[in-house]
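**Student:** Quick one: this structure, given as structure tokens, is what I'll be asking you about.
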Amino acid sequence: MAADALFRPFTHKSLTLKNRIVMAPMTRSFSPGGVPTPDVAAYYRRRAEGDVGLILSEGTVVKRPSAKNDPNVPDFHGEQALAGWKRVIDEVHAAGGKMGPQLWHVGSARNPMTTWVAPPPVDAPSGLSSPGKKFTEPMTDEAIADTIAAFGQAAADAKRLGFDVIEIHGAHGYLIDQFFWSGTNVRTDVYGGATIAERARFGAEVVKSIRAAVGKDMAIILRLSQWKQQDFAVKLAQTPKEMESWLTPLVEAGTDILHCSQRRFWEPEFEGSELNFAGWAKKLTGKPTITVGSVGLSGEFTAAFRGESSKPASLDNLLRRLEREEFDLVAVGRALLSDAQWARKVREDRHDELQDFHKEALAKLA
Ligand SMILES: Cc1cc2nc3c(=O)[nH]c(=O)nc-3n(C[C@H](O)[C@H](O)[C@H](O)COP(=O)(O)O)c2cc1C
Numbered sequence: 044m045a046a047d048a049l050f051r052p053f054t055h056k057s058l059t060l061k062n063r064i065v066m067a068p069m070t071r072s073f074s075p076g077g078v079p080t081p082d083v084a085a086y087y088r089r090r091a092e093g094d095v096g097l098i099l100s101e102g103t104v105v106k107r108p109s110a111k112n113d114p115n116v117p118d119f120h121g122e123q124a125l126a127g128w129k130r131v132i133d134e135v136h137a138a139g140g141k142m143g144p145q146l147w148h149v150g151s152a153r154n155p156m157t158t159w160v161a162p163p164p165v166d167a168p169s170g171l172s173s174p175g176k177k178f179t180e181p182m183t184d185e186a187i188a189d190t191i192a193a194f195g196q197a198a199a200d201a202k203r204l205g206f207d208v209i210e211i212h213g214a215h216g217y218l219i220d221q222f223f224w225s226g227t228n229v230r231t232d233v234y235g236g237a238t239i240a241e242r243a244r245f246g247a248e249v250v251k252s253i254r255a256a257v258g259k260d261m262a263i264i265l266r267l268s269q270w271k272q273q274d275f276a277v278k279l280a281q282t283p284k285e286m287e288s289w290l291t292p293l294v295e296a297g298t299d300i301l302h303c304s305q306r307r308f309w310e311p312e313f314e315g316s317e318l319n320f321a322g323w324a325k326k327l328t329g330k331p332t333i334t335v336g337s338v339g340l341s342g343e344f345t346a347a348f349r350g351e352s353s354k355p356a357s358l359d360n361l362l363r364r365l366e367r368e369e370f371d372l373v374a375v376g377r378a379l380l381s382d383a384q385w386a387r388k389v390r391e392d393r394h395d396e397l398q399d400f401h402k403e404a405l406a407k408l409a
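Okay, here's the thing in structure tokens:
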């Protein structure tokens with residue numbers, strides 16, 4: 044099937060993209076001391092040169108003592124780190140690309156790849172790392188207010204440096220998602236509650252803080268997932284109605300584009316419909332959405348960390364859904380991590396040149 048649908052322009056507010064391909068945010072841990080190096084800038088520049096429509100950075104953390112769980116994850120605060128990011132966005136723009144930082148706070152999610160421990164306090168809504176597992180004390184009101192302000196400050200800095208869009212990491216069992224999930228949020232104040240709508244409050248306040256910082260024209264993307272790294276089977280929303288009550292306050296707070304993370308984009312979200320998460324999110328909110336998960340590859344990404352390789356796979360199912368406008372944009376992770384030219388090869392029908400994904404690709408910035 045011709046890939047034309049992937050190569051139509053997209054516009055939303057001040058964001059104009061030449062095509063529908065988004066580089067998915069991927070933690071690379073090549074920023075010693077939290078400072079992105081010139082190699083990091085060159086890595087993103089190569090994706091811009093390779094025709095990626097929108098680049099989302101690896102998760103980069105806001106200014107809280109324990110916002111990251113790996114010392115080589117980049118900061119999005121402090122003079123040196125921000126100078127590193129300025130170089131990144133300037134190089135991406137010089138190559139004709141568009142980019143947004145993915146603003147992140149890991150909450151109580153630890154990193155099994157490192158023994159490094161961030162300075163206290165660890166931020167977690169109820170001090171839990173997974174259901175029933177106490178890790179630290181619940182966040183104080185002061186810590187919550189400071190964290191919300193830190194997201195706003197990072198977004199203001201991103202705008203000042205010249206980034207085109209902001210992405211908020213609200214997925215995968217990290218801090219914002221720990222507030223959404225009843226398994227990790229058992230608070231009895233305004234940030235907790237029995238319903239997903241009540242537990243969406245912290246996320247909505249983060250979005251509002253960012254909206255206040257960047258003004259009305261800059262697009263804000265919010266990344267969400269039903270699944271958690273702590274438990275792939277979790278569904279925050281069991282029904283479309285519940286999903287609507289989760290997404291509505293987040294959209295009302297100022298989210299423009301919903302980035303709906305699945306491990307396999309073709310999996311239906313609810314029984315009785317083929318629509319995936321991005322399909323439902325668009326239908327329920329009317330907002331543009333991004334799909335993601337094993338695009339162009341045979342295996343899914345968490346298996347990649349266990350060493351599993353993947354082979355190039357057909358894009359036909361994806362293209363049919365994009366043609367039907369089930370979603371607007373398509374994020375691609377591992378295929379773009381190992382091959383900066385992936386988008387160009389797809390555009391030029393050079394399918395026999397698409398590469399396998401091997402875990403060795405994780406060890407370098409190619
Ligand atoms: C090495 C690696 C690092 C990742 N880091 C992040 C991250 O920082 N933030 C995030 O939201 N998702 C992260 N992800 C998930 C990807 O954004 C994406 O959703 C996932 O890889 C599925 O897309 P794919 O099947 O095309 O690889 C990461 C994935 C990989 C492979």
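Residue numbers for the sequence shown follow our numbering, so the first one is 44 and each next one is one higher.
No residue lacks a Cβ here, since even glycine has one placed at the ideal position from N, Cα and C.
(1) Count the other C-beta atoms from every protein chain shown that fall within 10 angstroms of the C-beta of Thr182, then say buried if there are 16 or more, exposed otherwise.
(2) Suppose you measure from the CA of Glu287 to the CA of Leu327; what does that come to, to the nearest Å?
(3) Any heavy atom of ligand 3 closer than 7 Å to the CB of Ala214?
(4) Pull up the distance between the alpha-carbon of Leu361 and that of Phe308, whole angstroms please.
(5) At which residues does the alpha helix (DSSP H) containing Pro181 begin and terminate?
(6) Distance check for Thr238 and Asp94, CA to CA, integer angstroms please.
(7) Would Ser225 pass as a contact of Arg244 if the rule is Cβ separation under 8 Å?
(8) Determine the direct distance from the alpha carbon of Ser341 to that of His401, and round the result to whole angstroms.
(9) To which residues of the same chain is Val257 closer than 6 Å at the C-beta, ignoring the five residues directly before and after it?
(10) My output table needs one value for Lys278: the three-state DSSP class, helix, strand or coil.
(11) Tell me whether Lys106 is buried or exposed, calling it buried when 16 or more other Cβ atoms sit within 10 Å of its Cβ.
(12) Compute the minimum distance between the beta carbon of Ser381 and the heavy atoms of ligand 1, and state whether it is under 7 Å.
(13) Hey, could you find the ends of the alpha helix (DSSP H) Leu293 is sitting in?
(14) By how many angstroms is the C-alpha of Glu314 removed from the C-alpha of Glu185?
(15) So Met142 and Ile187 are supposed to be a Cβ contact under 8 Å. How far apart are they, rounded?
(16) Would you mind reading off the limits of the alpha helix (DSSP H) that contains Pro81?
(17) Just the Cα atoms here: how many angstroms apart are Trp385 and Pro355?
(18) When the Cβ atoms of the segment 290–297 are set against those of the segment 86–93, are three or more pairs found closer than 8 Å?
(19) Evaluate Phe223 with the Cβ neighbour count: other Cβ atoms within 10 Å of its Cβ, from every protein chain shown; 16 or more gives buried, anything less gives exposed.
(20) Does any residue of chain C have a CB that is nearer than 8 Å to the CB of Arg230?
(21) Let me know the secondary structure DSSP gives Leu318 once reduced to three states.
(22) If you count every other CB in all the chains shown that lies within 10 Å of the CB of Gln123, and 16 or more means buried, which is it?
(23) Under the three-state reduction of DSSP, which class applies to Lys251: helix, strand or coil?
(24) Could you name each continuous alpha helix (DSSP H) segment of 4 residues or more that falls completely within the segment 317–351, going from the start of the chain to the end?
(25) Suppose the cutoff is 8 Å on Cβ atoms and the five residues either side in sequence are ignored; what does the same chain contact list for Ala404 look like?
(26) Round the Cβ separation of Gly96 and Lys56 to the nearest angstrom and send it over; I've been treating them as touching at under 8 Å.
(27) For Val160 and Asp47, I'd like the C-alpha separation in whole angstroms.
(28) If I measure Cβ to Cβ from Ile64 and keep anything under 7 Å in the same chain, skipping five residues before and after, which residues do I get?
(29) Are the segment 171–178 and the segment 134–149 touching by the rule of at least three beta carbon pairs closer than 8 Å?
(30) Does the separation of the CB atoms of Gly336 and Arg306 fall below 8 Å?
(31) Assuming Ser304 and Arg266 are in contact, meaning their beta carbons sit under 8 Å apart, how far apart are those beta carbons, in whole angstroms?
(32) Tell me whether Gly143 sits in a helix, a strand or coil according to DSSP, three-state version.
(33) Relative to the C-alpha of Gly175, which residue among Ser100, Asp371 and Asn228 is closest?
**Tutor:** On the basis of the supplied data:
(1) Counted from its first residue, the sequence shown places residue 182 at position 139. Thr is not the amino acid found at residue 182; the sequence shown has Met there. It counts as buried.
(2) Residue mapping note: residue 287 aligns to position 244 of the sequence shown, counting from 1. Residue mapping note: residue 327 aligns to position 284 of the sequence shown, counting from 1. Rounded to the nearest angstrom, the two C-alpha atoms are 6 Å apart.
(3) Among the ligands modelled here, namely ligand 1, ligand 3 does not occur.
(4) Within the sequence shown, the letter at position 318 stands for residue 361. Within the sequence shown, the letter at position 265 stands for residue 308. Going from the Cα of Leu361 to the Cα of Phe308 covers about 8 Å.
(5) Sequence index remark: in the sequence shown, residue 181 carries index 138 (1-based). From DSSP, Pro181 is part of no alpha helix (DSSP H); its letter is neither H nor E.
(6) As a first step, residue 94 is located in the sequence shown; it is residue number 51 there, counting from the start. As a first step, residue 238 is located in the sequence shown; it is residue number 195 there, counting from the start. Taking the straight line from one Cα to the other gives about 42 Å.
(7) For the purposes of this step, residue 225 is identified with residue 182 of the sequence shown, where counting begins at 1. For the purposes of this step, residue 244 is identified with residue 201 of the sequence shown, where counting begins at 1. No, they are not a contact pair.
(8) As a first step, residue 401 must be located in the sequence shown, where it is residue number 358. As a first step, residue 341 must be located in the sequence shown, where it is residue number 298. The alpha-carbon atoms of His401 and Ser341 are separated by roughly 12 Å.
(9) The residue labelled residue 257 in the question sits at position 214 within the sequence shown. For Val257, where only same-chain residues beyond five positions count, the Cβ hits under 6 Å are Ala198 and Lys202.
(10) The count along the sequence shown starts at 1 and reaches residue 278 at position 235. DSSP places Lys278 in coil when its eight states are reduced to three.
(11) One-based indexing of the sequence shown puts residue 106 at position 63. So Lys106 ends up on the buried side.
(12) Locating residue 381 in the sequence shown gives position 338, counting from the first residue. Checking every heavy atom of ligand 1 against the Cβ of Ser381, none is found closer than 7 Å.
(13) Your numbering for residue 293 matches position 250 in the sequence shown. Start and end: Pro283 to Glu295.
(14) In the sequence shown, residue 185 corresponds to position 142, counting from 1. In the sequence shown, residue 314 corresponds to position 271, counting from 1. Distance between the alpha carbons of Glu185 and Glu314 is about 42 Å.
(15) Locating residue 142 in the sequence shown gives position 99, where the first residue counts as 1. Locating residue 187 in the sequence shown gives position 144, where the first residue counts as 1. With 8 Å as the limit, Met142 and Ile187 do not qualify as a contact, their Cβ atoms being about 29 Å apart.
(16) Locating residue 81 in the sequence shown gives position 38, where the first residue counts as 1. It spans Pro81 to Glu92 - the alpha helix (DSSP H) in which Pro81 sits, taken as one unbroken run.
(17) Here the question's residue 385 lines up with position 342 in the sequence shown. Here the question's residue 355 lines up with position 312 in the sequence shown. Going from the Cα of Trp385 to the Cα of Pro355 covers about 11 Å.
(18) no
(19) Taking the first residue of the sequence shown as position 1, residue 223 is located at position 180. Buried, since its Cβ has 16 or more Cβ neighbours within 10 Å.
(20) This model lacks chain C altogether; it includes just one protein chain.
(21) In the sequence shown, counting from the first residue as 1, residue 318 sits at position 275. Coil.
(22) Here residue 123 refers to the residue found at position 80 when the sequence shown is read from its first residue. Answer is exposed; the Cβ neighbour count stays below 16.
(23) As a position in the sequence shown, residue 251 is number 208, starting the count at 1. Helix, per DSSP.
(24) 320–328 and 344–348
(25) Numbered from its first residue, the sequence shown carries residue 404 at position 361. Within the same chain, Ala404 has close Cβ partners Arg377, Leu380 and Ser381.
(26) As a position in the sequence shown, residue 96 is number 53, starting the count at 1. As a position in the sequence shown, residue 56 is number 13, starting the count at 1. Actually they do not touch by this definition, with Cβ atoms about 16 Å apart.
(27) Residue numbering aside, residue 160 sits at position 117 when the sequence shown is read from its first letter. Residue numbering aside, residue 47 sits at position 4 when the sequence shown is read from its first letter. Approximately 47 Å between the Cα atoms of the pair.
(28) Translated into the one-based positions of the sequence shown, residue 64 becomes position 21. Correct list, in chain order: Leu49, Val95, Gly96, Val373, Val375 and Ala386.
(29) no
(30) In the sequence shown, counting from the first residue as 1, residue 336 sits at position 293. In the sequence shown, counting from the first residue as 1, residue 306 sits at position 263. Closer than 8 Å, so yes.
(31) Position 261 of the sequence shown, counted from the first residue, corresponds to residue 304. Position 223 of the sequence shown, counted from the first residue, corresponds to residue 266. Yes, Ser304 and Arg266 are in contact; Cβ-Cβ is about 6 Å, under 8 Å.
(32) In the sequence shown, the residue the question calls residue 143 occupies position 100. Three-state DSSP puts Gly143 in a strand.
(33) The sequence position of residue 175 within the sequence shown is 132, counting from 1. Nearest C-alpha to Gly175: Asn228.
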